[in-house]
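Peer 1:
Residue numbers (our numbering): -8 to 390.
As structure tokens, then:
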């Protein structure tokens, strides 16, 4: 048993403190608290502690409103008030940029809270346990049945309550349009007979792709005054208010001009290509996922934007030409050197980097610096309240 006071929050969501100079990570604790716990993983440079008791509580500690918080891994920070969560995310971004990115004084702005603390998720992916929707316990592969979830957008709640008799189903994705109120369920595995009573459109995903079974196979969302089609379980930001905040930040930073060319790397269904790109002259959009490309082409054409779509990975496709500004929204592993080389090949004056992983952003900031691009500002945007997940818009300018 060890007793110590965490001094900060670490990448990954645990509180961290030092005992005899060695970092100890403890889930469920908060900076400034005196906590007691059992060491469950002891490495040479660090240890992980299971929380047993909070001896002295932080004034920011609150009672988690969800009865499943202790066992479900969907949320990690319901025990902290929201202002503390926002401060933690800013400090984590700054810490990673300093530790991994090598920046002495990282330019990190306060975290933006674009919407509500709960009821914000327009999409949620569930596994199935004993015929019921389930999520995974944190740091395990154990499934936990969840009869409700406070993160679900209100448009999804009625449908979620009807999800039963899911035996034989591998998983269900629920997604809603906050604009139209339409709900789509994408089932992985056989569609249950009861799906006809769910009160929403239903699609099925199998090895061949995704196809509509009941109603429409897509939903339509409006961001920054622009309508976007989202088909099946194709990627779109899980927080619509957060997506709007990302578009606003990127537009203000890049200041696209009518005669300029915008490169949208990892374009998805076109969230940035269509919104930010509407203020530029031409858009070059690169995307590898076939379902996303299907939506991307439709959304760009619907918006009347002069564009070229390149299907393939940013690292491998021949983009060709040059571009004045660039937006990158890579997966969790980040750009990596090949992605940095591809995006900077067109010598854009500015790059807006949307990141969902502070460690890969910090690493890529070093590579971008070596390629001649200076980090001007990193702005955390809280697309995922009650969790340790952080979305960041980083602004890079050519030196």
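Note that CB positions come from ideal geometry on N, CA and C, so glycine has one too. The structure displayed is predicted, hence computed values, not measured ones.
Are the beta-carbon atoms of residue 365 and residue 387 separated by less than 8 Å?
Peer 2: Contact flag set, yes.
Peer 1: Out of curiosity, what's the CA-to-CA distance linking residue 114 and residue 143?
Peer 2: Roughly 8 Å separates the two Cα atoms.
Peer 1: Leaving out five residues before and five after residue 340 in sequence, what residues of the same chain have Cβ atoms less than 8 Å from its Cβ?
Peer 2: Cβ neighbours of residue 340 beyond the five flanking positions: 315, 316, 388, 389.
Peer 1: Shortest alpha-carbon distance to residue 374 belongs to which of 105, 99, 204?
Peer 2: The residue with the shortest Cα to Cα distance from residue 374 is 105.
Peer 1: Name the residue from 99, 186, 381 whose alpha carbon lies nearest to the alpha carbon of residue 369.
Peer 2: Per the Cα distances, 99.
Peer 1: Have a look at 181, 199, 206, -2 and flag the residue whose alpha-carbon is nearest the alpha-carbon of residue 193.
Peer 2: For residue 193, the nearest C-alpha among the options comes from 206.
Peer 1: If you scan the region 190 to 274 from start to end, which runs of the beta strand (DSSP E) of 3 or more residues do you find wholly inside it?
Peer 2: You should have 192 to 197, 200 to 205, 209 to 214, 217 to 222, 252 to 256.
Peer 1: Can you list, in chain order, the residues of its chain with a C-beta nearer than 6 Å to that of residue 382? Leave out the 5 residues immediately preceding and following it.
Peer 2: Closer than 6 Å at the Cβ level, and outside the excluded window around residue 382, lie 347, 372, 374.
Peer 1: Given a cut-off of 8 Å, decide if residue 250 and residue 272 are closer than it, judged by their beta-carbon atoms.
Peer 2: Result yes, Cβ atoms of residue 272 and residue 250 sit closer than 8 Å.
Peer 1: Please return the same chain residues whose Cβ sits closer than 8 Å to the Cβ of residue 88, not counting the five positions on each side in sequence.
Peer 2: Excluding positions up to five away in sequence, the list reads 94, 97, 99, 349, 352, 353, 356, 366, 369.
Peer 1: Where does residue 407 sit, in a helix, a strand or coil, going by DSSP?
Peer 2: The requested residue 407 does not occur in the structure, where the chain is confined to residues -8 to 390.
Peer 1: Can you tell me the Cα-Cα spacing of residue 35 and residue 162, whole angstroms?
Peer 2: Rounded to whole angstroms, residue 35 to residue 162 spans 39 Å at the Cα level.
Peer 1: Can you give the beta carbon distance from residue 319 to residue 262, rounded, assuming they're within the 8 Å contact cut?
Peer 2: Not really, about 13 Å apart at Cβ, beyond 8 Å.
Peer 1: Report yes if the C-beta distance between residue 38 and residue 32 is below 8 Å; otherwise report no.
Peer 2: Yes.
Peer 1: Is the region 176 to 190 in contact with the region 253 to 260, if contact means three or more CB pairs nearer than 8 Å?
Peer 2: No, the region 176 to 190 is not in contact with the region 253 to 260.
Peer 1: Comparing C-alpha positions only, which one of 223, 12, 52 sits nearest to residue 23?
Peer 2: Cα-wise, what sits closest to residue 23 is 52.
Peer 1: Quick check: residue 223 and residue 179, are their CB atoms within less than 8 Å of each other?
Peer 2: For residue 223 and residue 179, no; Cβs fall outside 8 Å.
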